[in-house]
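Respectively, the protein sequence lines represent chains A and B.
Using the numbering used here, you'd call the opening residue of the first sequence number 47 and step up by one each time.
Using the numbering used here, you'd call the opening residue of the second sequence number 1104 and step up by one each time.
A virtual CB, placed ideally from N, CA and C, is assigned to each residue, including glycine.
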Amino acid sequence: MEFKLEAHRIVSISLGKIYNSRVQRGGIKLHKNLLVSLVLRSARQVYLSDPCPGLYLAGTAGTPMPQPGEPAAQPPAGWGEAPPPPARAAWPDTEPQPERPAATDAPQAGHPEPAATVTGAGDCLRRREEDTAEAAWGRVVGPRVAAPVGVSDVSPEGPSAGCPPEEPSAPPALCPRKRRTLRKSPAGGSGRRRKGGGERPRKAAEPGQICCDKPVTAHRGP
Amino acid sequence: MPCVTWLGRDRGAAPGPLDEAPCSEGELGVPGLAQCTADIISTVEFNHTGELLATGDKGGRVVIFQREPESKNAPHSQGEYDVYSTFQSHEPEFDYLKSLEIEEKINKIKWLPQQNAAHSLLSTNDKTIKLWKITERDKRPEGYNLKDEEGKLKDLSTVTSLQVPVLKPMDLMVEVSPRRIFANGHTYHINSISVNSDCETYMSADDLRINLWHLAVTDRSFNIVDIKPANMEDLTEVITASEFHPHHCNLFVYSSSKGSLRLCDMRAAALCDRHSKLFEEPEDPSSRSFFSEIISSVSDVKFSHSGRYMLTRDYLTVKVWDLNMEARPIETYQVHDYLRSKLCSLYENDCIFDKFECAWNGSDSVIMTGAYNNFFRMFDRNSKRDVTLEASRESSKPRAVLKPRRVCVGGKRRRDDVSVDSLDFTKKILHTAWHPAENIIAIAATNNLYIFQDKVNSDMH
Chain A
47 MEFKLEAHRI VSISLGKIYN SRVQRGGIKL HKNLLVSLVL RSARQVYLSD PCPGLYLAGT
107 AGTPMPQPGE PAAQPPAGWG EAPPPPARAA WPDTEPQPER PAATDAPQAG HPEPAATVTG
167 AGDCLRRREE DTAEAAWGRV VGPRVAAPVG VSDVSPEGPS AGCPPEEPSA PPALCPRKRR
227 TLRKSPAGGS GRRRKGGGER PRKAAEPGQI CCDKPVTAHR GP
Chain B
1104 MPCVTWLGRD RGAAPGPLDE APCSEGELGV PGLAQCTADI ISTVEFNHTG ELLATGDKGG
1164 RVVIFQREPE SKNAPHSQGE YDVYSTFQSH EPEFDYLKSL EIEEKINKIK WLPQQNAAHS
1224 LLSTNDKTIK LWKITERDKR PEGYNLKDEE GKLKDLSTVT SLQVPVLKPM DLMVEVSPRR
1284 IFANGHTYHI NSISVNSDCE TYMSADDLRI NLWHLAVTDR SFNIVDIKPA NMEDLTEVIT
1344 ASEFHPHHCN LFVYSSSKGS LRLCDMRAAA LCDRHSKLFE EPEDPSSRSF FSEIISSVSD
1404 VKFSHSGRYM LTRDYLTVKV WDLNMEARPI ETYQVHDYLR SKLCSLYEND CIFDKFECAW
1464 NGSDSVIMTG AYNNFFRMFD RNSKRDVTLE ASRESSKPRA VLKPRRVCVG GKRRRDDVSV
1524 DSLDFTKKIL HTAWHPAENI IAIAATNNLY IFQDKVNSDM H
């Protein structure tokens, strides 16, 4: 149990660091963020493998069992300290990148049942992510979640999946969920700016809030 | 260190322009605590003779100190380092395409071997490397025909005879000019530069790539290492430091965030992605923790002067590697193992990401590295003895003898011991340098530069 608390604490701290790295001078430091994402992954693995019931899984009966083939499982729904994603403006694509297949969104068939509750939350976040991504930018660059933890179940290794491959200064873990105009946008920017108010309420951008405004329980049905 | 006693010297504090530098908000975030972050020293480097010592700081400035020649008239001021030149090397820039600010902080300075009367050095920030030429002017021509003393044109009707201008001595003036600017070579942040022993090329390394430049060519460079994966999701390690071999111009080493070293031979291929040798120590599974990866990341790598060994620094240790043995280091020294139980707190306050440098002495018998609380450590490879010293104002008074310090972990505590819990983690010595030939060391403690030399060396003069 202590390990779980410790792991959760480390996850919170790590997410805070990733969030703060957005506003640091000089841009995001790839090395530091890679290390933070590795710590995040270790802590998440410990959290998921600890046989105590999850602290924040609302109404969850059992524990999500760790899946060897699923190194990038979804975080539990209550993992609400996920910070808003870093500004997309900070990571323009500097090199051509392949588009992520949308098929990676679908949860893999054959996931054992105990993981369903965990993936359920992730699915909700992922689908929401996708809708907004498509609506806002007109192109699917891959599934992303607010918490910079691995999204895609097919990703074998590495800090995280589900991000645009080219991140000049950030590892994939720091997937921006949406582009945030934190800085004055230069003229002639990439043009992927959100138009109008967007479909996501502004409040989702504030730290500490759950970045999914649909109730999670609604998506855990059959 | 049984036979060497370290003495303080006058601190080489840089006056003048630095006093007027605008102070940004203190890093501690406490209003009113105006710690001038622009003055924080970010790199220290002796030149090849040890006559000059260059420091770079977060504000993009370079300050060069010169060792005063020893004079019999003033026996107490022999061999002291005084300010020789100060110049602004890099300015803050803004990358409009990526909406990124590029810090002006000087990450590294490397001296070029001196080939004529002028001195040259390379300085780099995150994105741009610059070659600076430092020249002295101690004479000026006087007696022009067309200009008067102040340089104003003379009325031609007053010129009745011709004279040959004569060089007359003047106060020494040090002129620094940027000779080359090597820009746009790196997508990621440059962490190291290293001049080749051929004195014609140098390399610059960022997180994922290493480029080879010719000192005379600024519009192109050769990429010699590229560890960027095709898919950034597969990224597992980055390059943390790199250096050319001191004698073999075809060999270089680079370290990674996973704790490995790769020795590459440029004769093998144009792109040295496949290493010639991989130096890696197997991880001890019993010491595995959340932070194992962070503390194994190599923050600095230095070849020995002989070229036979390499010195690496990770968060808790320094290791000496033999180029002929890849399986494990030949020596491992604990710098501050008492921090092993505090890694979580150090992760929280970001100290675990501090990148300490390491240094060899001229004969490769002693290695040095910094720690917290303004402590720095020296390890004698032959006697296996180590010492902890402190860089502080008290210890740096002229001719003050540095007293060895001790950190007590628990148990018996001696009078002057410092307990682990009272260590000041804001006082960190990340950058140190050792004179190439003599026992003179330069220690950068935040925004102060300390220069120490050994008693033996001092008494001889």
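Among the residues of its own chain, which have a CB less than 8 Å from the CB of residue i, if the five just before and after it don't count?
{"i": "Phe1285 (chain B)", "result": "Thr1231, Ile1232, Lys1233, Leu1234, Ser1307, Trp1316, Thr1321, Ser1324"}
{"i": "His1350 (chain B)", "result": "Ser1300, Gly1410"}
{"i": "Arg1484 (chain B)", "result": "Val1423, Glu1434, Asp1467, Ser1468, Val1469, Ile1470"}
{"i": "Ser1223 (chain B)", "result": "Trp1214, Leu1215, Gln1217, Leu1234, Trp1235, Lys1236, Ile1237, Arg1282"}
{"i": "Val1262 (chain B)", "result": "Asn1248, Leu1249"}
Mind reading off the beta-carbon distance from residue i to residue j? Whole number of angstroms is fine, and I expect it under 8 Å.
{"i": "Tyr1441 (chain B)", "j": "Val1490 (chain B)", "result": "Actually they do not touch by this definition, with Cβ atoms about 16 Å apart."}
{"i": "Leu76 (chain A)", "j": "Val1341 (chain B)", "result": "6 Å"}
{"i": "Asp1417 (chain B)", "j": "Ser1395 (chain B)", "result": "With 8 Å as the limit, Asp1417 (chain B) and Ser1395 (chain B) do not qualify as a contact, their Cβ atoms being about 11 Å apart."}
{"i": "Pro1268 (chain B)", "j": "Lys1242 (chain B)", "result": "Incorrect: roughly 11 Å between the Cβ atoms, too far for contact."}
{"i": "Val1404 (chain B)", "j": "Leu1364 (chain B)", "result": "6 Å"}
{"i": "Tyr1553 (chain B)", "j": "Ala1494 (chain B)", "result": "4 Å"}
{"i": "Ser1226 (chain B)", "j": "Val1165 (chain B)", "result": "6 Å"}
{"i": "Asn1427 (chain B)", "j": "Phe1528 (chain B)", "result": "Not a contact, Cβ separation roughly 38 Å."}
{"i": "Arg1377 (chain B)", "j": "Asn1353 (chain B)", "result": "At roughly 15 Å, the Cβ-Cβ gap does not stay under 8 Å, so Arg1377 (chain B) and Asn1353 (chain B) are not in contact."}
Within the 8 Å Cβ cut-off, does residue i reach chain A?
{"i": "Phe1574 (chain B)", "result": "What the structure shows of chain B is the stretch from 1104 to 1564, and residue 1574 (chain B) is not part of that stretch, so it cannot be assessed."}
{"i": "Thr1343 (chain B)", "result": "yes"}
{"i": "Ile1144 (chain B)", "result": "no"}
{"i": "Asp1229 (chain B)", "result": "yes"}
{"i": "Asp1527 (chain B)", "result": "no"}
{"i": "His1292 (chain B)", "result": "yes"}
{"i": "Leu1446 (chain B)", "result": "no"}
{"i": "Ser1390 (chain B)", "result": "no"}
{"i": "Tyr1450 (chain B)", "result": "yes"}
{"i": "Phe1456 (chain B)", "result": "yes"}
{"i": "Glu1460 (chain B)", "result": "no"}
{"i": "Leu1442 (chain B)", "result": "no"}
{"i": "Asp1310 (chain B)", "result": "yes"}
{"i": "Ser1307 (chain B)", "result": "no"}
{"i": "Glu1386 (chain B)", "result": "no"}
{"i": "Ser1400 (chain B)", "result": "yes"}
{"i": "Ile1205 (chain B)", "result": "yes"}
{"i": "Leu1155 (chain B)", "result": "no"}
{"i": "Glu1396 (chain B)", "result": "yes"}
Just to confirm my understanding: we take residue i, look at its own chain, exclude 5 residues before and 5 after, and list those with CB closer than 6 Å. What are they?
{"i": "His1193 (chain B)", "result": "Gly1163, Glu1207, Asn1228"}
{"i": "Gly1095 (chain B)", "result": "Here chain B comprises residues numbered 1104 to 1564, so residue 1095 (chain B) is not present and cannot be evaluated."}
{"i": "Lys1361 (chain B)", "result": "Glu1340"}
{"i": "Ile1397 (chain B)", "result": "Ile1455"}
{"i": "Gly243 (chain A)", "result": "Because Gly243 (chain A) carries a pLDDT of 43, less than 50, the predicted location of this residue cannot be relied on, and the following value inherits that uncertainty. If we look at Gly243 (chain A) and ignore the five residues flanking it on each side, it has no Cβ neighbours."}
{"i": "Asp1520 (chain B)", "result": "Arg1509, Cys1511"}
Answer yes or no: does any C-beta atom of chain B fall closer than 8 Å to that of residue i?
{"i": "His77 (chain A)", "result": "yes"}
{"i": "Val57 (chain A)", "result": "no"}
{"i": "Ser71 (chain A)", "result": "Strictly speaking, residue 71 (chain A) in this sequence is Arg, with Ser absent from that position. Yes - at least one Cβ of chain B is within 8 Å of the one on Arg71 (chain A)."}
{"i": "Leu84 (chain A)", "result": "yes"}
{"i": "Leu61 (chain A)", "result": "no"}
{"i": "Ser67 (chain A)", "result": "no"}
{"i": "Ser88 (chain A)", "result": "yes"}
{"i": "Leu51 (chain A)", "result": "no"}
{"i": "Leu94 (chain A)", "result": "no"}
Which partner residues does residue i have in the DSSP bridge list?
{"i": "Ala1474 (chain B)", "result": "Per DSSP, none; premise fails for Ala1474 (chain B)."}
{"i": "Asn1314 (chain B)", "result": "B:Ser1307, B:Asn1326"}
{"i": "Leu1492 (chain B)", "result": "B:Phe1479"}
{"i": "Ser1345 (chain B)", "result": "B:Tyr1357"}
{"i": "Gln1191 (chain B)", "result": "B:Arg1164"}
{"i": "Asn1551 (chain B)", "result": "B:Ala1548"}
{"i": "Gly1159 (chain B)", "result": "B:Thr1146, B:Val1165"}
{"i": "Ser1300 (chain B)", "result": "Answer is none; Ser1300 (chain B) lacks a bridge partner."}
{"i": "Thr1420 (chain B)", "result": "B:Gln1437"}
{"i": "Phe1649 (chain B)", "result": "Examination of residue 1649 (chain B) is not possible in this model, given that chain B is present from 1104 through 1564 alone."}
{"i": "Lys1506 (chain B)", "result": "Answer is none; Lys1506 (chain B) lacks a bridge partner."}
{"i": "Thr1415 (chain B)", "result": "B:Val1404, B:Lys1422"}
{"i": "Ile1237 (chain B)", "result": "B:His1222, B:Val1279"}
Within a Cβ cutoff of 7 Å, which residues of the same chain sit near residue i, ignoring the five residues on either side of it in sequence?
{"i": "Ser1188 (chain B)", "result": "Ile1167, Ile1237, Val1277, Val1279"}
{"i": "Ala1540 (chain B)", "result": "Gly1153, Gly1465"}
{"i": "Lys1250 (chain B)", "result": "Leu1256, Lys1257"}
>> With three or more C-beta pairs closer than 8 Å as the rule, is the stretch 1222-1231 of chain B touching the stretch 1291-1304 of chain B?
In response: yes
> For the 8 Å Cβ check, are there 3 or more pairs between the stretch 1203-1223 of chain B and the stretch 1143-1162 of chain B?
Replying inline: yes
> Below 8 Å, can you find three or more Cβ-Cβ pairs linking the stretch 1460-1476 of chain B to the stretch 1518-1537 of chain B?
Replying inline: yes
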